[in-house]
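Everything in the sequence shown is counted per the numbering used here, starting at 958 for the first residue and increasing by one. Every residue, glycine too, gets a C-beta built ideally from N, C-alpha and C. Notes to accompany the following structure.
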Amino acid sequence: MKYRANGSAAYDIYRTRDNAARPLERPNRLPDAPLKNVPEMRVRTKLWVSPTLVLSGVCALVLLFLVIFSYMRLYEAQSTVSNLKTEREELLEEQEQLRSQYEKALDLEEIETRARKMGMHEPLTSQITYIEVDAGDTTEIYSEPEERNIFEQIFYAFKDTLSDVVEYFS
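If you want it as structure tokens, here you go:
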């Protein structure tokens, strides 16, 4: 048995010897039917792009750019924070080293011997002067008031203004 070419599994009915089927015959045209030349229709598709499609594509590209840009900024911020953290750790270590050097340098006996080498001596009792400060000469340092909400600020502003007016006229 023979099969068609190109891998088709259908039998080739025209080429097999044991086939008794007749070949297809074309029917004759009827004599009164005129022969018409029908032009072949070619369908040409016009390329038309929807403005909505273009707008959505541009929006998608802009959003993609923004996402990529935000990830880049996030990476830069994280690397900056990481660098600052390592720098902070290094500065804290240096601070501890300097503090320990400073505490080692504050040896009072060493300072006294060095001062004696430079020609310094302790003051005499006649050179010591004591000063008494009255309470009127002292200053008081106030801390900054706590932050108040807007209603408290308005209330205290009216209260202070009213107390100032009363004090002025009394």
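Segment limits, alpha helix (DSSP H) that includes residue i
i, result
"Val1122", "1107-1126"
"Ser1013", "1008-1062"
"Lys1074", "1065-1074"
Cutoff 6 Å; reference residue i; Cβ partners in own chain excluding five residues on either side
i, result
"Glu1109", "none"
Closer than 8 Å to chain B by CB, residue i
i, result
"Ser1127", "Of the chains in the structure shown, none is chain B; there is only one protein chain."
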